[in-house]
């Protein structure tokens, strides 16, 4: 009888080629996603006069720098244009399949990989982007890496890693209406802290997680990195298999049946143990917003901004003063009294079809009091949303309906929140200057962003949903 | 890769918690090639006020810490984005060691690949060291990776680092060269792995 194993133990073992005495293991990589930012790694590879070891397992996606408006024209900023064309040149030279700027499958790498059936349970997936944790939603071991590691994977299709510790986060019970995966994610981060899961592979479990769609699971795993986790994952089940069936690059026919058999064996053994366990009650989670400059500065929407004067720890008190100063919020303010200047719906966290439906359900027949941008997660999501008439709802509410990319989440394609502006955003990081120098970001779910848009201030979406189909 | 064995240098205190990689190197500089050097834009938005003027109270702007090669930092240093350019910016500025209570996982991984030591100590110890160098900026700190010690004034502190990172830094190992030596194992493993799992290879679309 083997020792009981968790999901991460099984994924690790199946990919371990060799293990050194110091504990580092060489792991085989199944999928490698690259984007415009991977140029450092291609340069490192070329300096060593090497080529891509497994081009058929490497896929390029243009997302970080692509324009979300005016794609029929050339990119005006020459530096941004160079980033996009450099990826095209590197992909062509290395014989890598590229979902480039004008490809109908283009989108954000963490939306496109799953959508195309490239992301599968049981795989080891890496990308030079911290939100690679998203793909763990399928029961894959997926994590972000830096440029040197990207270069190593390009050249060898392997990676040296230390095994992460095991952490189980169980969310039991059922979430109330108006409470989604983003609220669960923010509730977890608020509970464990922005570095609470450092060094750990998180396995999300419990009734509320099982009940999530694949889109919801991706939102949740995406945010694992905001709790400091190395990766996040959910055990594959019928929801996973149903999502994958028929996807372009997913296995077909007999291979798919064989895959399901293998994927079904990935679940943690019933008596397996974890290094850390955390439990939350889903029914106690309310819609959540952030008020400060790290994602664990998160509170239920009916709460109040903390007051540094009431904080006994002087280090924490200084942090609160600095954060509130940057955010230009007076201590003790009621969250629903914080007025906003704009909204953004998009990013690898919340830009999938279900996210757009959730926002549209609130916006339908209503008008946004502030300007805003909606950037679907992929060109495929965009087409589907247009078929469903969601684009019309966004436009009629006064929001701009744009093309797909990382856009205003990281602001490097030119879509930025102006200095001093306050944005209600479906993104993943409320860091200082993240959405542009001096930008002030409040993170929340797509439904909550829609609620903020029609209210002109942070608002509880629940009353706005009454009588509506969600 | 440059080895790290021992370093004696001045240390700059910057004990803010959660200094994520967006603060270390704002995203707008990610387009810069490495050859341009990223040291000049390290902590760019923290070092200037809203009018773009240099903040005198920002430690790195002060002449006495210009040549610091050790950074004393707060909890969760380098969390957030996986941008390795955050490490390039620290390195290009001259830093070879960051001492902090905890580090973002990906940042720490990127640091070791570039010869930058991340030394983990308690909150109290780093606060102690910061107090000493704030009182006397000339005070050198000696970091010894072999012994995992930091000597500051008449105090000796022990730091933590995982054995894998320590090995790599002490030896200046190059990952790619190391991996090459396992070429046969890799080929055999992947052939066996894929023959038993035909579904792992992307299907033709």
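Chains as they are written, first to last, in the numbering used here: chain E, 12 to 481; chain D, 570 to 774. Cβ coordinates follow ideal geometry from the N, Cα and C atoms, glycine included. Predicted, not measured: the structure shown is a model, and the values here were computed from it.
For residue i, does the count of other Cβ atoms within 10 angstroms reach 16, so buried, or fall short, so exposed?
{"i": "residue 431 (chain E)", "result": "exposed"}
{"i": "residue 704 (chain D)", "result": "exposed"}
{"i": "residue 366 (chain E)", "result": "buried"}
{"i": "residue 633 (chain D)", "result": "exposed"}
{"i": "residue 360 (chain E)", "result": "buried"}
{"i": "residue 458 (chain E)", "result": "buried"}
{"i": "residue 74 (chain E)", "result": "buried"}
{"i": "residue 724 (chain D)", "result": "exposed"}
{"i": "residue 592 (chain D)", "result": "buried"}
{"i": "residue 450 (chain E)", "result": "buried"}
{"i": "residue 467 (chain E)", "result": "exposed"}
{"i": "residue 209 (chain E)", "result": "buried"}
{"i": "residue 320 (chain E)", "result": "exposed"}
Spell out the partners DSSP gives residue i in its beta bridges.
{"i": "residue 641 (chain D)", "result": "D:582 and D:668"}
{"i": "residue 180 (chain E)", "result": "E:215 and E:289"}
{"i": "residue 315 (chain E)", "result": "E:345"}
{"i": "residue 612 (chain D)", "result": "Per DSSP, none; premise fails for residue 612 (chain D)."}
{"i": "residue 575 (chain D)", "result": "D:713"}
{"i": "residue 71 (chain E)", "result": "E:45 and E:109"}
{"i": "residue 433 (chain E)", "result": "E:451"}
{"i": "residue 353 (chain E)", "result": "E:434"}
{"i": "residue 30 (chain E)", "result": "E:36"}
{"i": "residue 169 (chain E)", "result": "E:39"}
{"i": "residue 686 (chain D)", "result": "D:666"}
{"i": "residue 153 (chain E)", "result": "E:136"}
{"i": "residue 649 (chain D)", "result": "Beta-bridge pairing links residue 649 (chain D) to no other residue."}
{"i": "residue 309 (chain E)", "result": "E:301"}
{"i": "residue 754 (chain D)", "result": "DSSP lists no partner for residue 754 (chain D)."}
{"i": "residue 384 (chain E)", "result": "E:355 and E:411"}
Compute the Euclidean distance between the alpha carbons of residue i and residue j, then round it to the nearest angstrom.
{"i": "residue 313 (chain E)", "j": "residue 348 (chain E)", "result": "10 Å"}
{"i": "residue 732 (chain D)", "j": "residue 293 (chain E)", "result": "39 Å"}
{"i": "residue 119 (chain E)", "j": "residue 693 (chain D)", "result": "42 Å"}
{"i": "residue 721 (chain D)", "j": "residue 642 (chain D)", "result": "15 Å"}
{"i": "residue 247 (chain E)", "j": "residue 132 (chain E)", "result": "7 Å"}
{"i": "residue 291 (chain E)", "j": "residue 180 (chain E)", "result": "8 Å"}
{"i": "residue 2 (chain E)", "j": "residue 154 (chain E)", "result": "Outside the displayed range of chain E (12 to 481) lies residue 2 (chain E), so it cannot be described from this structure."}
{"i": "residue 707 (chain D)", "j": "residue 615 (chain D)", "result": "24 Å"}
{"i": "residue 113 (chain E)", "j": "residue 218 (chain E)", "result": "41 Å"}
{"i": "residue 547 (chain D)", "j": "residue 242 (chain E)", "result": "Residue coverage of chain D in this structure runs from 570 to 774, which leaves residue 547 (chain D) outside it and unanswerable."}
{"i": "residue 754 (chain D)", "j": "residue 34 (chain E)", "result": "18 Å"}
{"i": "residue 146 (chain E)", "j": "residue 341 (chain E)", "result": "39 Å"}
{"i": "residue 472 (chain E)", "j": "residue 369 (chain E)", "result": "11 Å"}
{"i": "residue 654 (chain D)", "j": "residue 157 (chain E)", "result": "9 Å"}
{"i": "residue 383 (chain E)", "j": "residue 354 (chain E)", "result": "4 Å"}
{"i": "residue 713 (chain D)", "j": "residue 695 (chain D)", "result": "16 Å"}
{"i": "residue 24 (chain E)", "j": "residue 13 (chain E)", "result": "13 Å"}
{"i": "residue 808 (chain D)", "j": "residue 572 (chain D)", "result": "An answer regarding residue 808 (chain D) cannot be provided, because it is not within the stretch 570 to 774 covered by chain D."}
{"i": "residue 699 (chain D)", "j": "residue 738 (chain D)", "result": "25 Å"}
{"i": "residue 47 (chain E)", "j": "residue 322 (chain E)", "result": "44 Å"}
{"i": "residue 436 (chain E)", "j": "residue 391 (chain E)", "result": "22 Å"}
{"i": "residue 402 (chain E)", "j": "residue 362 (chain E)", "result": "13 Å"}
{"i": "residue 381 (chain E)", "j": "residue 464 (chain E)", "result": "6 Å"}
{"i": "residue 56 (chain E)", "j": "residue 115 (chain E)", "result": "29 Å"}
{"i": "residue 233 (chain E)", "j": "residue 87 (chain E)", "result": "32 Å"}
{"i": "residue 709 (chain D)", "j": "residue 671 (chain D)", "result": "22 Å"}
{"i": "residue 629 (chain D)", "j": "residue 334 (chain E)", "result": "21 Å"}
{"i": "residue 608 (chain D)", "j": "residue 238 (chain E)", "result": "29 Å"}
{"i": "residue 848 (chain D)", "j": "residue 423 (chain E)", "result": "Past the edges of chain D, shown from 570 to 774, lies residue 848 (chain D), and the structure says nothing about it."}
Do we get a CB-CB distance below 8 Å when we pair residue i with the residues of chain A?
{"i": "residue 682 (chain D)", "result": "Included in the structure are the protein chains E and D, with no chain A among them."}
Under 8 Å (Cβ pairs) to chain E, residues found in the stretch 647-667 of chain D: 648, 649, 650, 651, 652, 653, 654 and 656
Contact list for the stretch 573-604 of chain D against chain E, Cβ threshold 7 Å: 586, 587, 589, 591, 592, 595, 596, 597, 599, 600 and 603
Meets three-Cβ-pair contact criterion under 8 Å: the stretch 159-176 of chain E and the stretch 260-275 of chain E: no
The stretch 372-390 of chain E touching the stretch 410-425 of chain E, judged by at least three CB pairs closer than 8 Å: yes
Contact set between the stretch 734-752 of chain D and chain E, restricted to residues whose Cβ is under 7 Å from the partner: 736, 744, 745, 748 and 751
At least 3 beta-carbon pairs within less than 8 Å: the stretch 218-238 of chain E vs the stretch 395-409 of chain E: no
Contact between the stretch 139-155 of chain E and the stretch 101-116 of chain E (3+ Cβ pairs under 8 Å): no
Validate contact between the stretch 39-54 of chain E and the stretch 181-188 of chain E using beta carbons, cut 8 Å, 3 pairs: no
Interfacial residues, the stretch 171-184 of chain E to chain D, with Cβ spacing under 7 Å: 171 and 173
Interface residues of the stretch 441-469 of chain E facing chain D [CB-CB below 7 Å]: 442, 443, 444, 445, 448 and 449
Stretch pair the stretch 58-71 of chain E + the stretch 150-169 of chain E: three plus CB contacts closer than 8 Å: yes
Residues in the stretch 15-46 of chain E having any Cβ partner in chain D nearer than 7 Å: 28, 29, 33, 34, 35, 37, 39 and 41
Contact the stretch 433-446 of chain E vs the stretch 302-317 of chain E: 3+ CB pairs below 8 Å: yes
Contact set between the stretch 395-426 of chain E and chain D, restricted to residues whose Cβ is under 9 Å from the partner: 421, 422 and 423
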